[in-house]
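J.:
Residue numbers (my numbering): 4 to 244.
Set out below in structure tokens:
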């Protein structure tokens with residue numbers, strides 16, 4: 004179970020940081036130009052980071068009902084080099100205090116973060132040379148016209164693959180992804196990150212995820228949600244590892 008939680012936390016951490024200060028004076032023309040505008044927005048975002056991370060996660064039983072629920076809040080402090088020091092402000096599991104145990108689990112997996120936390124978002128300028136991206140397709144979601152791109156971003160033995168969507172003004176809207184191939188014990192992992200396009204600065208609004216994992220006769224299913232608070236400018240690009 005510790006291993007499963009590690010992958011859940013790491014998967015969320017891969018794309019933990021992301022803001023955009025880019026606001027196009029005039030809408031870019033064409034699906035390729037829209038992607039380039041989104042990359043330009045991301046290029047201006049490397050020194051903003053969230054100070055706190057409220058979260059909620061749950062585990063389902065065999066009937067699909069919630070068996071366990073945990074809520075909490077993490078604090079993130081950054082060194083001059085941009086490395087994050089993560090601490091648990093509080094945590095509750097099924098209504099009982101879980102702060103010390105969550106902190107213990109967080110510390111136990113800290114040394115393994117480097118394996119999966121070397122990437123940020125598919126909009127990052129420094130990954131465009133290895134990003135595999137399909138052509139944009141116009142879609143409508145909630146009455147909003149978006150351009151959707153399939154992408155795959157190699158990372159060692161695995162890749163991050165999914166879809167990224169951009170507004171018609173060139174601002175990143177959201178992206179969904181999974182790991183491919185999945186770790187041996189994971190049958191499903193889906194992540195969805197949404198930008199706050201209504202804010203003065205285009206910060207991440209929230210992340211949602213769900214997973215299914217199995218081992219021999221055991222099955223784990225669950226998911227979670229996190230939002231981002233207390234954004235601040237730091238001296239270097241933020242990183243967890």
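Think of the CB as a built atom: it goes at the ideal place given N, C-alpha and C, for glycine as much as any other residue.
Less than 8 Å separating the beta-carbons of residue 49 and residue 240?
T.: Yes.
J.: From 196, 138, 128 and 221, pick the residue whose C-alpha is nearest to that of residue 65; which is it?
T.: Out of 196, 138, 128 and 221, 221 has the C-alpha closest to the C-alpha of residue 65.
J.: With distances taken from CA atoms, which of 73, 82 and 34 is nearest residue 235?
T.: Comparing Cα-Cα distances from residue 235 to each of 73, 82 and 34, the minimum goes to 82.
J.: Among residues of its own chain, excluding the 5 on either side of residue 21, which ones have a beta-carbon nearer than 6 Å to its beta-carbon?
T.: Residue placement at residue 21 cannot be trusted, given a pLDDT of 41 that sits under 50; the coordinates are not used to answer.
J.: Can you list, in chain order, the residues of its chain with a C-beta nearer than 7 Å to that of residue 33? Leave out the 5 residues immediately preceding and following it.
T.: Excluding sequence neighbours, residue 33 sits near nothing in its chain.
J.: Would you mind giving the Cβ-Cβ distance between residue 172 and residue 198, rounded to the nearest angstrom? I have them listed as a contact below 8 Å.
T.: With a Cβ gap of about 12 Å, residue 172 and residue 198 do not count as contacting.
J.: Taking 8 Å as the threshold (C-beta atoms), are residue 76 and residue 55 in contact?
T.: A contact, by the Cβ cut-off of 8 Å.
J.: From the DSSP output, in three-state form, read off residue 201 for me.
T.: If DSSP states are grouped into helix, strand and coil, residue 201 belongs with coil.
J.: Distance check for residue 189 and residue 36, CA to CA, integer angstroms please.
T.: Roughly 37 Å between the two C-alpha positions.
J.: Per DSSP, what kind of secondary structure is residue 38 in: helix, strand or coil?
T.: In the structure shown, residue 38 sits in a helix (DSSP, three-state: H, G or I).
J.: Just to confirm my understanding: we take residue 1, look at its own chain, exclude 5 residues before and 5 after, and list those with CB closer than 6 Å. What are they?
T.: With the chain covering 4 to 244 only, the question about residue 1 has no answer from this structure.
J.: Apart from the five residues just before and just after residue 139, which ones in its own chain have a Cβ nearer than 7 Å to its Cβ?
T.: Hits under 7 Å: 34, 37, 38, 150, 151 and 152.
J.: Give the secondary structure of residue 183 by DSSP, where H, G and I count as helix, E and B as strand, and everything else as coil.
T.: Reduced to three states, the DSSP call for residue 183 is strand.
J.: Taking 7 Å as the cut-off, is the beta-carbon of residue 37 closer than that to any non-hydrogen atom of the ligand GTP?
T.: Looking for the ligand GTP in the displayed structure turns up nothing, as the structure carries no ligands at all.
J.: So, for residue 229: in the same chain, excluding its five sequence neighbours on each side, which residues have a beta-carbon less than 6 Å away from its beta-carbon?
T.: Here the set comprises 56, 58 and 210.
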